[in-house]
Structures are given as C-alpha cells and as structure tokens.
Amino acid sequence: MIEILAAAAPAGEPPAWLTWLPILGMVVIFWFLIIRPQMRQQKQHRDRVASIKKGDKVITQGGLVGKVVKVDDTYADIELAKDVRVKAVKHTIADIIEPGGKPAND
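Remember, the numbering used here sits 47 above the position in the sequence shown when you count from 1.
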C-alpha cells in the first residue's frame, strides 16, 4: 500500500514548462512596457536627426541652442551667436525647435 502512495505523488506535480510561465509573462510585460517604447523613441530620434537641414534651430544634448549652418552625414555646424560656430556630431542633437515655438517660461 505504501508503494501505491509513493507512485501517485509525482503525478500531482505540474509540468516543468508551467513553472517557467510566470517568468515568460514578466518578459512579455517588460517588452511591451519598457523595451518596445524605448526602441520606438530611438527610431523617431534617428529620423529627426536624419532630417536636419540648414536653417533649423536645434538643441544639443549639452543644452546649447543654435541655428544649423551646414550639415553633412556625420556633423552639423551650429551657429550659437553671431560669429560663434561649433561643429557637433549629428547624433548629439537632442531636438529640433519648431518655428514659431512658444518660449519655455511662457
């Protein structure tokens, strides 16, 4: 009779794949809530940087605001003030300021 009870015990355990189900669920949740939106933002930033043209007002990641004077594949020449130009790597440009944009303190 003890042999019958011992043989029945392993049948009550869940399958091995079922123990991985909560971890798989967490990975899916992380994918849709964190990873996927971040990839979408990176793609939008790449597209914005690729569309920079002469005359655009931009903000660099360092916080400098200026007007694009010249653009090539890797660099953008930005005029910060009269006769003050810097050369910035295009991917360090954080954003493009839309024309007619509202000032930050208004």
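Ideal Cβ placement from N, Cα and C applies to all residues, glycine included. Since the structure is predicted, the reported quantities are computational estimates derived from the model, not experimental observations.
With a threshold of 8 Å on Cβ separation, who are the neighbours of Ile99 within its own chain once the five nearest residues in sequence on each side are excluded? So the qualifying residues of the chain are Val105, Val115, Val118, Ala123, Lys137, Ile140, Ile143.
Since I believe Leu127 is in contact with Gly147 (beta carbons under 8 Å), could you give me their beta-carbon distance rounded to a whole number of angstroms? For a cut-off of 8 Å, the C-beta gap from Gly147 to Leu127 is around 21 Å, too long to register as a contact.
Ile70: buried (16+ other C-beta within 10 angstroms of its C-beta) or exposed? That one is exposed.
Which complete beta strand (DSSP E) runs does the stretch 69-137 hold, if anything under 3 residues is left out? Listed in chain order, the complete beta strand (DSSP E) runs (minimum 3 residues) inside the stretch 69-137 are 104-107, 112-118, 122-128, 131-136.
Alpha carbon of Ala101 to alpha carbon of Arg93, nearest angstrom: According to the sequence provided, residue 101 is Lys. The question's Ala does not apply to it. Distance between Lys101 and Arg93, taken at the CA atoms: about 17 Å.
Local Cβ density within 10 Å of Ile76, reported as buried at 16 or more and exposed below that: Per the 10 Å Cβ criterion, exposed.
Alpha carbon of Trp33 to alpha carbon of Val96, nearest angstrom: In the structure as shown, the chain begins at 48 and stops at 153. Residue 33 is therefore absent and cannot be evaluated.
Roughly how many angstroms lie between the CA atoms of Ile125 and Ala63, to the nearest whole one? Their Cα atoms are separated by approximately 60 Å.
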